[in-house]
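Input: a single structure, listed below in structure tokens.
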Amino acid sequence: MKSLNILLGGPIELLPDKIFEKLHDNLWLGVDRGALRLLKHGIYPQIAVGDFDSVSTMEHAEILTQLRDIRQVKPEKDETDFELALKIALAKFSFEELHVYGATGGRLDHFLSNIWVLTQTKFTSLIGKIKFYDRGNTLSFYLPGEHSIQKETDKRYLGFMNLTPVSGLTLIDEKYHLKNWHSNVPFSWSSNEFVGTTNHFKFETGIILVIQSKDTQKI
């Protein structure tokens, strides 16, 4: 299955273990500081995009000298760097899966922006293809219909969040059931769990974010 990876500049300590080794030879887009991090690990992204306001002058020069295709924009703009990366991905690449790293953690406004950008109609075609990954979470996005979810072996918890008004949300065979739920505002049904390794849910309208997660720190 053909996939494309995007690396943003979120906290490096939240990235999945050995991501650069495991995905070294895959196709990459680098977003702002994400492009520099890829270069530091010997990965040359197909395209780097952003205003590069999170890198120093020397780091920016390193990006300029090592990469061919750099889409630099002014900091004063209407679209985020991640939005620009998604537009490039749709325009320039053919893929079945889009894996996003470095989009969670750090500044909350960035994190929430990265999630809600998928509610824009210009990115509807990405829903069902795109996933966000970090050290403890996998985020998947769904359009209306009936869906099955495969449990990741290292994840315990399962959360459902509507990003838009939703109708008919039904959690069919998870540990905690939900039947024909409607809401006009976002809400998170968190800390659910799998029963077995495959569970199902359905809904009639809206966009649903599903999060598989695990505890990553013990006190």
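In our numbering, the protein residues as written are 5 to 223. Every residue, glycine too, gets a C-beta built ideally from N, C-alpha and C.
Secondary structure of Gly-38 (DSSP, three-state): helix. Judged by their CB atoms, His-204 and Glu-150 are nearer to each other than the 9 Å cut-off.
Scanning Val-214, Phe-97, Phe-24 and Asn-30 for the CA closest to the CA of Ile-131 turns up Val-214. For Phe-24, there is no enclosing beta strand (DSSP E); the enclosing alpha helix (DSSP H) has its first and last residue at 23-26. Around Lys-183, the same chain offers Thr-174 as residues with beta carbons nearer than 7 Å, after the five sequence neighbours per side are excluded. Taking every protein chain shown into account, the CB of Tyr-105 has 16 or more other CB atoms within 10 angstroms, so this residue is buried. A contact between stretches requires three or more CB pairs, one per stretch, nearer than 8 Å, and the region 119-139 fails this requirement with the region 65-80. Under the three-state reduction of DSSP output, Thr-61 falls in the helix class. Pairing Thr-108 with Leu-42 gives a Cβ-Cβ distance that is not under 9 Å. At a cut-off of 3 residues, the continuous stretches assigned as beta strand (DSSP E) that sit fully inside the region 62-133 are 74-76 and 101-105. In terms of Cβ geometry, Ile-10 and Leu-33 form a close pair [threshold 9 Å]. Between Thr-201 and Lys-135 the beta-carbon gap is near 18 Å, outside 8 Å, which marks them as no contact. Note on Tyr-146: 16 or more other CB atoms within 10 angstroms of its CB, so buried under the neighbour-count rule.
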